[in-house]
Amino acid sequence: MTRLRCVVLFVTVLLAAVLLRAQAPDGPIRIGFIVPLSGAFAQNGRDILNGFLLLLDEAGYRAGGRQIQLIVEDDEAIPAVTLTKARKLVEADRVHLMAGTLLASSGYALAPYVEAQQIPMVYPVVSSDDLTQRRRSKWIIRTGWTSSQPNHAFGEYVYRTLGYRTVATIALDYAFGWESVGGFQRTFEAEGGRIVQKMWTPVSAHDFAPYLAQISRDVDAVYSLFLGRTALQFMRQYREYGLKDRVPLIGSGTSTDEHVLPFMGDEAIGVVTALQYSAALDTPENRRFTAAYRKRYNKLASYYAESMYTGGKWVLAAIEALGGRVEDRVKLLEALRSARPTGLPRGPVELDQYGNPIQNIYVRRVERVGGELQNTVIATLPRVSQFWKWNPAEYLRQPLYSRRFVPAS
Amino acid sequence: MTYLITQSLNGLFSAALLFLIASGLTLAFGVMKIVNIAHGSFYMLGVYVAYTVIQRTGSLLLGAVVALVVVAAVGFLVQRVFLRRFGADPLPQMMMTMGFALLFRDLTLMIWGGDPFTLPYPGLLRGSMEVGEVVFPSYRLFVIAVAALVGAALWVVNDRTLIGARLRAAVDDPEMASAMGINVARLSGLVFAVGAGLAAFGGVMGGPILGGYAGIDFDLLPLAFVVVIVGGMGSLKGAVVGSIVVGMVDNFGKALVPELSYFTLFAPMILVLALKPTGLYGRA
Chain Z
1 MTRLRCVVLF VTVLLAAVLL RAQAPDGPIR IGFIVPLSGA FAQNGRDILN GFLLLLDEAG
61 YRAGGRQIQL IVEDDEAIPA VTLTKARKLV EADRVHLMAG TLLASSGYAL APYVEAQQIP
121 MVYPVVSSDD LTQRRRSKWI IRTGWTSSQP NHAFGEYVYR TLGYRTVATI ALDYAFGWES
181 VGGFQRTFEA EGGRIVQKMW TPVSAHDFAP YLAQISRDVD AVYSLFLGRT ALQFMRQYRE
241 YGLKDRVPLI GSGTSTDEHV LPFMGDEAIG VVTALQYSAA LDTPENRRFT AAYRKRYNKL
301 ASYYAESMYT GGKWVLAAIE ALGGRVEDRV KLLEALRSAR PTGLPRGPVE LDQYGNPIQN
361 IYVRRVERVG GELQNTVIAT LPRVSQFWKW NPAEYLRQPL YSRRFVPAS
Chain V
1001 MTYLITQSLN GLFSAALLFL IASGLTLAFG VMKIVNIAHG SFYMLGVYVA YTVIQRTGSL
1061 LLGAVVALVV VAAVGFLVQR VFLRRFGADP LPQMMMTMGF ALLFRDLTLM IWGGDPFTLP
1121 YPGLLRGSME VGEVVFPSYR LFVIAVAALV GAALWVVNDR TLIGARLRAA VDDPEMASAM
1181 GINVARLSGL VFAVGAGLAA FGGVMGGPIL GGYAGIDFDL LPLAFVVVIV GGMGSLKGAV
1241 VGSIVVGMVD NFGKALVPEL SYFTLFAPMI LVLALKPTGL YGRA
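Rendered as structure tokens:
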């Protein structure tokens, strides 16, 4: 009797195991997600994660009829750790696709691995031009932007609409700065403008006084590129040295992005920048997104948060299109590339054939509305490609914007 | 000329901030012979504590006082409860301060989040001074004056008071000082606390310009180490001279050859170490 019972039990367990195994393809879709959640870039990573969590919550953690399981890893903003965490996600957790990373260095470090593993990955934030240009990877879908993309559009706008003719630039001394300033300089000078001074500040700089003392006072505007705490410090010190009342400040979108804007004071008012997003963008989709984000996190949505919210929409749309059958990676990649999610906070977006968005660029001016600083949209430059108005093949024959791109004249 | 004056004042401001950080570092080294890796964390804690106080009360002065007291207390506890267990063994002490630095970094992130912020300027010092062609922020001049006052006060205490005499005795020969009835252990705790408080105070002074952010703890620490090494470990006079040298060199280096900003900063240190390994005013 006891023996019989044992046998029955054993068979039941075996049967259950077999059944569960057969069900496995219908188990949850596993998404691996990597951002820095500790160290100096923790808050940027947190914003990116928050954008994704908000979206997944709205979708009830379901798409294509299947449950979604998010596996979050912290890469500490160290490229080697990014790679280790990606290995863990792909090889141990067997995720179906990945999303994330913040820094260009992590993005570049990961690309060969993603390529070798043939695992689809969404880059919502990393903006280094070449990831979708000269060193593009088949398996990486970028739903964010290239550094030079808004700046191509902005350079022309600054010449034609703001009417500035001479500009001095000051930017962080690394690829993000070089590519942004390069893009701005190229279209601004093509119009007939002149960059008369180019300054690069070390990424580690915290006191900009030695540089501010040398900025030319005889230019129509100063173009600045900073982010995070450097944006906060630069903005303060720009006024400290009496420049704010003398020379208008323009720059990259990150310099006044909502991840730092709430911590700035009146010194930021009037600064004009360009980016593919503004939390003050006045569309029903964006008003809904920013309200939901504020309700949940008690914060203004930054471009980091919006980037992953939109990147996540790409992931969900692709899963829906496949009816949840994400096991075939090639099909998943195709679905990601051909997805056209709508109702995005930043407005209409489509991917070009190099895997980078064609999207609106917004020119924004910082204003104080209802006691809060915001990036008021003053112009919408529609459907801007990473190649601006040039032919992609021709564009790609030119070298990447670098520190040595056309010196100031 | 205008350029030279502005850049020199900038250099003096850097020196002032560095002095507030480095004086505590060098004093702690003098008495305990330890290199305190957590010293940058005290600077950071100072900014964050002041931030909380200022958000509630709006007073930078109150923020500075509370930050100084709270962080000095933290420093005192760190020394009395943990560091002194290792006696005069510098290596485990140093490793422990490293541990504390990481602990404080994660705690700060947990309590305050990772968003950067700046402290408000004190009302009267918001603007800039204009003398002829030279435009210079009033607040920076104020910080230079404050650091000079702190330096003078430290010198008076060290040179003219009984506690200063005990301190000098303990620095020169701890064992003999103990034998003479000086409580070196308690003195160590006191010096460590004062050093931590000074760093916190430096954090608040720098707050309106540099602000607070994740990673600030290790942004300024290398500069403070250069000051202490150039000036001579354990010497107050060395901290003054070292701060001015490093502040000036760093500032002019960045202004004239921005690409070599690390070279211009560390080159004088290497030079001093090669010619006078104990630093300008250090004793072997």
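Chains as they are written, first to last, in this note's numbering: chain Z, 1 to 409; chain V, 1001 to 1284.
Where is the CB? At the ideal position from N, CA and C, for every residue including glycine.
C-beta atoms of residue i and residue j nearer than 7 Å
i: Z:A227; j: Z:L373; result: Going by the sequence as given, residue 227 of chain Z is Leu instead of Ala. No, they are not a contact pair.
i: Z:L316; j: Z:P120; result: no
i: V:G1189; j: V:R1080; result: yes
i: Z:A221; j: Z:Y164; result: yes
i: V:L1062; j: V:P1208; result: no
i: Z:I361; j: Z:L381; result: yes
i: Z:G107; j: Z:F33; result: no
i: V:G1279; j: V:G1253; result: no
i: V:V1230; j: V:G1242; result: yes
i: V:G1247; j: V:L1020; result: no
i: Z:P36; j: Z:Q69; result: no
i: Z:R136; j: Z:Y354; result: yes
i: Z:R229; j: Z:E267; result: no
i: V:V1146; j: V:G1046; result: no
i: Z:T290; j: Z:A279; result: yes
i: V:R1105; j: V:D1217; result: yes
Chain-ordered chain V contacts of residue i [CB-CB under 7 Å]
i: Z:L232; result: P1116, T1118 and G1211
i: Z:P210; result: Q1007, N1010, N1251, K1254 and A1255
i: Z:G242; result: S1128 and V1135
i: Z:R46; result: G1114
i: Z:V260; result: P1116
Same chain, Cβ closer than 7 Å to residue i, neighbours up to 5 away in sequence not counted
i: V:F1136; result: T1006, L1009, S1128 and M1129
i: V:N1036; result: L1025, A1028 and T1097
i: Z:S385; result: D352 and I358
i: V:V1134; result: T1002, I1005 and T1006
i: Z:L322; result: G64, K331, L332 and A335
i: Z:E285; result: G343, L344 and P345
Proximity test, Cβ basis, 7 Å: residue i and chain V
i: Z:Q43; result: yes
i: Z:R236; result: yes
i: Z:P202; result: yes
i: Z:L206; result: The residue asked about is misnamed: residue 206 of chain Z is His in this sequence, not Leu. Closer than 7 Å to some Cβ of chain V, the Cβ of Z:H206 qualifies, so yes.
i: Z:F263; result: yes
i: Z:A213; result: yes
Any chain Z beta carbon closer than 7 Å to residue i
i: V:R1283; result: no
i: V:V1135; result: yes
i: V:K1254; result: yes
i: V:T1006; result: yes
i: V:D1219; result: yes
i: V:L1109; result: yes
i: V:S1138; result: no
i: V:S1041; result: no
i: V:S1261; result: yes
Residues near residue i by beta carbon distance below 8 Å, same chain, minus five either side
i: V:V1066; result: V1049, A1050 and V1053
i: Z:K88; result: E73
i: Z:M98; result: I31, G32, F33, I34, A86, L89, V90, V114, I119, P120, M121 and V122
i: V:R1287; result: Because residue 1287 of chain V is not part of the residues shown, which for chain V are 1001 to 1284, the question remains open.
i: V:A1072; result: A1193, V1194, A1196, G1197 and A1200
i: Z:A22; result: Note that Z:A22 has pLDDT 46, beneath the 50 cutoff, so the model's placement of it is unreliable and no number is given.
Nonlocal neighbours in the same chain, by C-beta distance under 6 Å from residue i, ignoring five residues either side
i: V:A1255; result: Q1007
i: Z:Y159; result: F188, E191 and G193
i: V:F1266; result: none
i: Z:G183; result: S148, N151 and H152
Check: residue i C-beta below 6 Å from any heavy atom of the ligand HEM
i: V:M1180; result: Although the ligand HEM was asked about, the structure shown includes no ligands whatsoever.
Under 7 Å by beta carbon: chain Z residues contacting residue i
i: V:Y1048; result: By Cβ distance, chain Z contributes nothing, its closest Cβ being about 13 Å from V:Y1048, past 7 Å.
i: V:S1014; result: D207
i: V:Y1051; result: None at all; the shortest Cβ gap to chain Z is about 11 Å.
Proximal chain Z residues relative to residue i, where beta-carbon distance stays under 9 Å
i: V:A1267; result: Those do not exist, as V:A1267 stays about 16 Å from chain Z at its closest Cβ, beyond 9 Å.
i: V:G1215; result: G39, A40, F41 and R229
Beta-carbon neighbours of residue i, restricted to chain Z and to distances below 8 Å
i: V:P1122; result: Simply none; closest approach about 14 Å.
i: V:D1106; result: S38
The stretch 274–293 of chain Z / the stretch 250–260 of chain Z touching (three or more Cβ pairs under 8 Å): Segments in contact, yes.
Residues, ordered as in the chain, of the stretch 330–360 of chain Z that lie near chain C by beta-carbon distance below 7 Å: Among the chains of the structure shown, chain C does not appear; the protein chains present are Z and V.
Three CB pairs or more closer than 8 Å across the stretch 126–135 of chain Z and the stretch 297–306 of chain Z: Taking 8 Å as the limit for Cβ pairs, the verdict is that the stretch 297–306 of chain Z does not touch the stretch 126–135 of chain Z.
Inter-stretch contact (C-beta, 8 Å, three-pair minimum) for the stretch 44–51 of chain Z and the stretch 302–311 of chain Z: Cβ pair count under 8 Å is three or more, so yes.
Segment contact, 8 Å Cβ cut-off, at least three pairs: the stretch 1101–1116 of chain V with the stretch 35–43 of chain Z: Counting C-beta pairs with one atom in each stretch, the stretch 1101–1116 of chain V and the stretch 35–43 of chain Z have three or more that are closer than 8 Å, which means they touch.
Validate contact between the stretch 169–184 of chain Z and the stretch 389–409 of chain Z using beta carbons, cut 8 Å, 3 pairs: Counting Cβ pairs under 8 Å, three or more are found: they touch.
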